[in-house]
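Chains A and B, in that order, are what the protein sequence lines are. Once you know that position 16 of the first sequence is 15 in numbering that gives the first Met the number 0, the rest is easy, because the numbers rise by one and skip nothing. Once you know that position 179 of the second sequence is 178 in numbering that gives the first Met the number 0, the rest is easy, because the numbers rise by one and skip nothing. Beta carbons are placed, not taken as given, at the ideal position from N, Cα and C, and that holds for glycine.
2 protein chains.
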Amino acid sequence: MSLVEYLEDKANILRLHSARTTTKAGSGHPTTCFSSAEIVATLFFKEMKLDPQNLDYLDNDEFVLSKGHGAPLLYAALAEIGSLPREKLETLREFSSELEGHPVPRLKGIRVGTGSLGQGLSIGLGMAYAKKLRSIDRRVYVLLGDGEMAEGSVWESINFAGKLGLSNLTAILDMNRLAQSGPTMYGWDSEAYAKRIKAFNWAVYICDGHSISELTKAIGEAKRSRKPSFVIAKTVKGKGVSFLENVEGQHGKALSREELEIAEKEIQPRIRNVDFQPTNFIEATVPPKKIKSELAVKTDYNPGDMVATRVAYGKALAKLGGQNENMVVLDGDVQNSTYTIYFFEGFPNRSLQCYIAEQNMVGAAVGLQTQGFDVFLSSFACFLTRACDQIRMASYSRANLKITGSHAGTSIGEDGPSQMGLEDLAIFRSLMDSIVLYPCDAVSSEKLTCLMANYGGISYLRTTRPRTPVIYGNSEEFHIGGSKVLRQSKSDEATVVAAGFTVHEALKAYERLKADGIRVRVIDCYSVKPLDEEILKTAFEETKRIITVEDHYAEGGLGEAVASVGLMPRILAVRKMPHSGPPEELLAEQGIDAGGIVKTVKEMLG
Amino acid sequence: MSLVEYLEDKANILRLHSARTTTKAGSGHPTTCFSSAEIVATLFFKEMKLDPQNLDYLDNDEFVLSKGHGAPLLYAALAEIGSLPREKLETLREFSSELEGHPVPRLKGIRVGTGSLGQGLSIGLGMAYAKKLRSIDRRVYVLLGDGEMAEGSVWESINFAGKLGLSNLTAILDMNRLAQSGPTMYGWDSEAYAKRIKAFNWAVYICDGHSISELTKAIGEAKRSRKPSFVIAKTVKGKGVSFLENVEGQHGKALSREELEIAEKEIQPRIRNVDFQPTNFIEATVPPKKIKSELAVKTDYNPGDMVATRVAYGKALAKLGGQNENMVVLDGDVQNSTYTIYFFEGFPNRSLQCYIAEQNMVGAAVGLQTQGFDVFLSSFACFLTRACDQIRMASYSRANLKITGSHAGTSIGEDGPSQMGLEDLAIFRSLMDSIVLYPCDAVSSEKLTCLMANYGGISYLRTTRPRTPVIYGNSEEFHIGGSKVLRQSKSDEATVVAAGFTVHEALKAYERLKADGIRVRVIDCYSVKPLDEEILKTAFEETKRIITVEDHYAEGGLGEAVASVGLMPRILAVRKMPHSGPPEELLAEQGIDAGGIVKTVKEMLG
């Protein structure tokens, strides 16, 4: 019995930490911690193979707290296994503490940010897939709340993990019946969850989530399953404190000092201080992978070759794949449009067809990169908006993630607005420390892809559907925060700042204006974030007028980026309701073609 | 037999239209139209109760083409029922045609935009719920592709419709086995779909999707089910044209002229021109609802009252609910945080708890508004990013949708960045014809909520977690595109443009600067989109310097909006990695508090 008693003790110790630290912080979610206490104690002190001193090593079992508001419990567990000083727990939610209100990877043992519900299972799926790729015989445990089971993203992951048959993935449902505003959809109906999950080819085990013996049995059986496994643990929200158990309206409320005192008096006597040596601790031997950061691609194009930037992106991926065995590429059923197909064909073992499920794709990518893989993922720019929240959270996960959105802008033409990415620059610019790159030709597309490969944070590449002429020589160099001055003279009267598809419109406008005796500077602003402020400011000083032109909505795009550094551009962008039609007519309608540029320059010159 | 033969004829006529129009357009997805031809013929000429001349009336059955790339087939059906001139089909995908590459509601019979996969079922769910709310005994049919079954959003809807028991909702799966880049996850394994869907409390019927008799039997049984019903129709992609049937690599490719000729020779002889009178056409009697647009709210606050804008929003909802019986409010399990709870308590029959499933919530709202409801929906601002793609598509649906994001900004404090909406202004500004409002106190929050109620497109309200003092009198008036000059003098040396929470920081900064002998103008820019350009430009001319201050990332927010009209603001915004802590410390760290404003003004004045 001593193991069970020991784990019961640990659960109550975790409860005490959770109650005390949230009361000290004056906010937090103690009742959700209480319902998970036995689950987390069983995992951290019996089931998970862990090296408490080296939780960043890759041959640990992994734990993802999908129900991120249970953070205090996770911090308590990390302290109790000796990975974190216990006194650190006191700093919960303070300004200078790594112990934030919801987990972020500022501590060993926490690899990703959670707290936007429904994302943890996709991340765990990516981790489990990564362990298999690395032939590391370790498991991934994901703790979910029952409220988040309504999120479609969870079902994307259940579906895909079932398809992949990821036997090293175990999800545990803390079925405590109560969400924030009231009961969950299915309350304590464990069969309601079980039949749904089983239908997706998972092994399901139902147990009392406060019974250590039932938990160890269920998790033990889950380990032996050949399928991914889901443990449905029936729990009580607020468990262990009489006046909080199964009470509505207690979500996200810290206990008062007086309540804490009563709670302590209830919990403390249950702790018998059983002496027991946990057997799940290991000495890890696989250190985290360092990112290889000096990759290069050589190109072999001729000026004027008509090549879509998306095709060049695919070619660059294939070249990089040969240099970097840690590189993995994900796509959501559009490999033959984004041109990740070149990588898929060259490196099938490091390619993952994620089907039409962008949220799970991004989550899986975040999971993969925690295991030292360099992950590229691609879809149409517009469909990346489906995973906007996952991308937002990836930035709080400090993820190393390379994302490419193809088919950007009205230049896709006849397929119409549902397929046009017109807000992707705004979304990707808004991510903390992101870089946003936008090539106009095949050479720059390949070189910018290589810059992404060497960048350690979140990078975004925007590619275009139609073919565009090669304008750069193969030896041209590009860098993050750079730009290219394509045309200039001492008599420039305005500067046209373009990127991607509109660079070619700007060059056409240049010729027409020149024929009318008007000289303009043309800048390819291929690094939309960070901007090449120096070159742009010089151009503004020298030519007095800036026109930006972009195949994107005005809001949050290239024009506003240039405006934000004080250069007062005239912003040419997509401002009318987009629709189907030939690309050239659509660009003309929006005033973002050569004609629109010529007209604007002439207006500005009066 | 003549009905069956008649429907077979119709299917082949739809096929012919689809082939011819896509070939003429030079692009499109004929093979996906071919696989759905019998399904659509059966629906439009037998099963659906339709008034071809009044498809906008509410007592029609509804059809949602979730697989939006099948648009040519839908247009063909609308032409064949007589709702659209046949010659109009020839204009498919042309610049000036309403027959876009993917459906948009520019034709009667098309109520929403589709083409981003996995969204149609949530819209259909909203329509079906709306029919029940209106006691209109009509059904909603949603045609899905099998590729999109991987989207979690589909499972959110399956889950929620099953929970609601929406017996007037029938989904039909065109299980043609092939997605864009290759086979779908489950190919022709109809049982794989059936067992998953059944687990969610749906009735499931499996049939041959090219057999009219099997289709009519399955759809007939579906009609009699007390549960929502899913018809799994096994089909062949490219059906009806020998060289296209079940062939990979034919997705999204129009036939060449030569291929079309062969296809026509194959299809044409099958059409026997059976004479038959469809019995499903009706005379509709319930015209579309007009939006009531002169609602008003009265407030009763005292200056200095401490009230969170989210609370005031909830109060306004309750007031508006009493005036407008078409008003419906949706929330995703955070009613007690967004304060929609006031409406939920007052009008339970017009309130819908959507649980933690934001994608489905937005889709359902889009569906509801097609039936003449004025729909408000709310969540935390950060969690609306989960439905970014649905919100994007809502703008192409020309939806009348009122969205509120609460808990915006770092001012939420200790919960940390996963819960902070810091990119919502960028996302909502980027929507075509949207308005973006941001109240700073309870009076403006109620009045702006009322402006949303009276606006016919997509509107967004950004609310704040902490309480803020009331600064406006109860008779103050607000309008879309307006602003309030809160402080001004003839000796103003700079203008501080704030919105929401930072208005109060700007007012504090005003006092401190005034004590130092520096006068600044303070503007509450409560209408972030459209901007009050006139007031802002006057301020710029008169004070020479503009500082914007916002609790949002710099990209795409208030500052860039002001910069985009040429006012060269110094933009104070969230630029460092956000984290947990007390709100005042977080705002100070980001330089968006009174101290940051004072410092910046002094720097600018040198």
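Under 7 Å from the C-beta of residue i: neighbouring residues of chain A
i: B/Gly565; result: Met567
i: B/Thr215; result: Chain A residues near B/Thr215: none, gap ~28 Å exceeds 7 Å.
i: B/Ser152; result: Gly151
i: B/Glu584; result: Phe94
Under 9 Å by beta carbon: chain A residues contacting residue i
i: B/His101; result: Asp414, Gly415, Pro416, Ser417, Gln418, Ser579
Residue i at chain B interface by Cβ criterion, 8 Å
i: A/Val333; result: yes
i: A/Glu533; result: no
i: A/Glu559; result: yes
i: A/Ala538; result: no
i: A/Cys387; result: yes
i: A/Phe43; result: no
i: A/Pro395; result: The amino acid at residue 395 of chain A is misidentified as Pro; the sequence shows Tyr. Closer than 8 Å to some Cβ of chain B, the Cβ of A/Tyr395 qualifies, so yes.
i: A/Met576; result: yes
i: A/Gln179; result: yes
Cβ of residue i within 8 Å of any chain A Cβ
i: B/Gly321; result: no
i: B/Lys162; result: yes
i: B/Arg85; result: no
i: B/Cys381; result: yes
i: B/Gln358; result: yes
i: B/Gly345; result: no
i: B/Lys252; result: no
i: B/Phe94; result: yes
Residue i, buried or exposed, once every other Cβ within 10 Å from all chains shown has been counted against 16
i: A/Asp136; result: exposed
i: B/Glu79; result: buried
i: A/Met326; result: buried
i: B/Asn348; result: exposed
i: B/Leu120; result: buried
i: A/Gln267; result: exposed
i: A/Asp440; result: buried
i: B/Pro302; result: exposed
i: B/Pro286; result: exposed
i: A/Ser320; result: Here residue 320 of chain A is Gly; the residue named in the question, Ser, does not match the sequence. Classification for A/Gly320: buried.
Chain-ordered chain B contacts of residue i [CB-CB under 7 Å]
i: A/Leu116; result: Ile355
i: A/Trp201; result: Per Cβ cutoff of 7 Å: no residues; A/Trp201 is ~11 Å from chain B at best.
i: A/Ser429; result: Glu422, Ala425, Tyr552, Glu554, Gly555
i: A/Thr384; result: Cys387, Asp388, Arg391
Beta-carbon neighbours of residue i, restricted to chain B and to distances below 8 Å
i: A/Trp187; result: Within chain B, no residue comes near A/Trp187; the closest Cβ sits about 16 Å away, beyond 8 Å.
Within chain B, the residues that residue i reaches when beta carbons sit closer than 9 Å
i: A/Glu147; result: Ile355
i: A/Ile434; result: Per Cβ cutoff of 9 Å: no residues; A/Ile434 is ~13 Å from chain B at best.
Partner residues on chain A for residue i, Cβ-Cβ distance less than 8 Å
i: B/Met392; result: Ser417
i: B/Ala24; result: Glu413
Contact set between residue i and chain C, taken where Cβ atoms lie within less than 9 Å
i: A/Asn158; result: Looking for chain C here will not work: the only protein chains present are A and B.
Complete runs of the beta strand (DSSP E) confined to the stretch 61-87 of chain B [at least 3 residues]: 61-64
Quick check for students: name the residue ranges of the beta strand (DSSP E) that lie wholly in the stretch 195-245 of chain A, counting only runs of 3 or more. If you keep only unbroken beta strand (DSSP E) runs of at least 3 residues inside the stretch 195-245 of chain A, you get 202-207, 228-233.
Three or more C-beta pairs closer than 8 Å, one from the stretch 373-392 of chain B and one from the stretch 380-389 of chain A: is that the case here? With the cut-off at 8 Å, the stretch 373-392 of chain B and the stretch 380-389 of chain A touch.
Every unbroken alpha helix (DSSP H) inside the stretch 430-467 of chain A [4 residues or more]: Counting whole runs of 4 or more residues, the stretch 430-467 of chain A contains the alpha helix (DSSP H) stretches 441-452.
Would you call the stretch 227-246 of chain A and the stretch 27-45 of chain A in contact, with 3 or more CB pairs under 8 Å? yes
Is the stretch 554-564 of chain B touching the stretch 579-588 of chain B, taking contact as three or more C-beta pairs under 8 Å? no
Does the count of Cβ pairs from the stretch 102-114 of chain A and the stretch 396-408 of chain A closer than 8 Å reach three? Contact holds between the stretch 102-114 of chain A and the stretch 396-408 of chain A, because three or more Cβ pairs, one in each stretch, are under 8 Å apart.
Ranges of the beta strand (DSSP E) found wholly within the stretch 103-149 of chain A, counting only runs of at least 3: Those beta strand (DSSP E) runs which fall completely within the stretch 103-149 of chain A and span 3+ residues are 139-144.
Three Cβ pairs or more, each shorter than 8 Å: is that satisfied between the stretch 166-180 of chain A and the stretch 243-252 of chain A? In short, these stretches touch, since the Cβ pair count reaches three.
Does the stretch 585-604 of chain A come into contact with the stretch 589-605 of chain B, if we say contact requires no fewer than three beta-carbon pairs (one atom in each stretch) closer than 8 Å? Counting C-beta pairs closer than 8 Å gives fewer than three between the stretch 585-604 of chain A and the stretch 589-605 of chain B, which falls short of the contact rule.
Between the stretch 64-77 of chain B and the stretch 89-102 of chain B, can you find at least three pairs of beta-carbon atoms closer than 8 Å? yes
Check whether the stretch 193-203 of chain B touches the stretch 262-278 of chain B, counting contact only when three or more Cβ pairs, one atom from each stretch, lie closer than 8 Å. no
What are the uninterrupted segments assigned as alpha helix (DSSP H) that are 4 or more residues long and contained completely in the stretch 23-62 of chain B, given in chain order? 29-41
Can you confirm whether the stretch 87-100 of chain A touches the stretch 410-428 of chain B when touching is taken to mean that 3 or more C-beta pairs between the two stretches lie within less than 8 Å? yes
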